[in-house]
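Participant: Okay, here's the structure, questions in a sec.
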Amino acid sequence: MKTTARLILSSITCLGLAACSSVNLDENAPKGPAPIVQAGEAPKPAADGAGATAPTSQAPMAKGLSSLTPTDLQSAGFSADGRASVYFEFDQTVIRRQDQPIVEGAAVLLKGPSQVTLVVEGNTDDRGTSEYNLALGQRRAETVKRALLVLGVEESRVDAVSNGEEKPRKAGSAESDHAENRRADLILR
1 MKTTARLILS SITCLGLAAC SSVNLDENAP KGPAPIVQAG EAPKPAADGA
51 GATAPTSQAP MAKGLSSLTP TDLQSAGFSA DGRASVYFEF DQTVIRRQDQ
101 PIVEGAAVLL KGPSQVTLVV EGNTDDRGTS EYNLALGQRR AETVKRALLV
151 LGVEESRVDA VSNGEEKPRK AGSAESDHAE NRRADLILR
């Protein structure tokens with residue numbers, strides 16, 4: 001079963017690579033598709049980052065996480081506060097092989113008996129326009145969500161949103177800083 005899940009996840013990764021192979025970061029070139037926004041949700045403002053944070057209600061987070069043990073979280077690749085990250089190469093939406101166990105661990109937690117749900121927040125480095133980065137962040141979040149659905153997670157348990165470049169983990173212009181910012185944050189609640 002685990003081998004089958006890895007093959008499926010690898011197939012999704014290949015599809016993501018094929019879908020993004022024609023992306024152009026040229027400032028004058030037409031930009032990618034408009035950001036995908038979940039039903040009933042307003043687009044995230046890029047100027048001041050207002051509304052670009054994860055849900056602030058602690059009641060659902062505490063309720064969902066309270067049913068998981070620290071061992072459950074750790075074995076799935078999550079921190080004690082229910083967070084994990086999947087990283088991406090420059091201008092890509094392909095889940096890297098080394099990050100596939102985190103997606104698989106999230107699937108195990110979400111398919112379990114708990115009421116835990118997941119928010120996937122797509123992030124980018126600061127290269128490219130704000131609009132392009134918002135769309136790229138959404139595509140990254142959607143890639144992780146699709147992988148979870150293929151692994152058997154109910155769609156109602158996963159939300160995919162984009163922060164674009166608005167929530168950098170590292171400030172700086174070194175490649176190592178950019179690499180930390182090219183990610184999807186998986187947040188259990």
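Sequence positions in the sequence shown follow our numbering and run 1 to 189. Beta carbons are placed, not taken as given, at the ideal position from N, Cα and C, and that holds for glycine.
1) Would you mind sorting ALA80 into buried or exposed? The rule is 16 or more other CB atoms within 10 Å of its CB.
2) Taking the C-alpha atoms as reference points, what is the distance between VAL120 and GLU89?
3) Compare the Cα-Cα distances from PHE101 to each of LEU110, VAL94 and SER75 and report the closest residue.
4) Classify GLN201: buried if its beta carbon has 16 or more other beta carbons within 10 angstroms, exposed otherwise.
5) Using the Cβ count rule (16 or more neighbours within 10 Å means buried), how would you classify PRO35?
6) I'd like the list of long-range same chain contacts for ARG169, defined as Cβ closer than 6 Å, with 5 residues on each side in sequence excluded.
7) Using a Cβ-Cβ cut-off of 6 Å (strictly less than) and excluding sequence neighbours within five positions of ARG183, which residues of its own chain qualify?
8) Compare the beta carbon distance of GLY164 and LEU136 with 9 Å and say whether it is the shorter of the two.
9) According to DSSP, which residues form a beta bridge with ARG83?
10) What's the C-alpha gap between LEU65 and ASP72?
11) Would you report the Cα separation of PRO70 and LEU148, rounded to the nearest angstrom?
Facilitator: Result, derived from the coordinates:
1) Residue 80 sits at position 80 when you count from the first residue of the sequence shown. Counting Cβ neighbours within 10 Å, ALA80 comes out exposed, since fewer than 16 surround it.
2) Taking the first residue of the sequence shown as position 1, residue 120 is located at position 120. Taking the first residue of the sequence shown as position 1, residue 89 is located at position 89. Their Cα atoms are separated by approximately 17 Å.
3) Here residue 101 corresponds to residue number 101 of the sequence shown, with the count starting at 1. The sequence as given places Pro at residue 101; Phe does not occur at that position. Measuring from the Cα of PRO101, the nearest candidate turns out to be SER75.
4) Only positions 1 to 189 of the chain appear in the structure, and residue 201 is not among them; the question remains open.
5) For the purposes of this step, residue 35 is identified with residue 35 of the sequence shown, where counting begins at 1. Interpretation of PRO35 is limited by its pLDDT of 38, a score under 50 that renders its predicted location unreliable; the figure taken from the coordinates is listed afterwards. Label assigned to PRO35: buried.
6) Working through the sequence shown from its first residue, we reach residue 169 at position 169. Cβ neighbours of ARG169 beyond the five flanking positions: GLU180 and ASN181.
7) Taking the sequence shown and counting its residues from 1, the one referred to as residue 183 is at position 183. Hits under 6 Å: SER85, TYR87 and ASN123.
8) To locate residue 164, count along the sequence shown from 1; it is residue 164. To locate residue 136, count along the sequence shown from 1; it is residue 136. Yes, they are a contact pair.
9) Counting from one through the sequence shown, the residue named residue 83 turns up at place 83. In the DSSP output, where bridge partners are listed per residue, ARG83 has ILE187.
10) As a first step, residue 65 must be located in the sequence shown, where it is residue number 65. As a first step, residue 72 must be located in the sequence shown, where it is residue number 72. So the two alpha carbons sit approximately 10 Å from each other.
11) Position 70 of the sequence shown, counted from the start, is the residue given in the question as residue 70. Position 148 of the sequence shown, counted from the start, is the residue given in the question as residue 148. Each residue's Cα considered, the two are about 21 Å apart.
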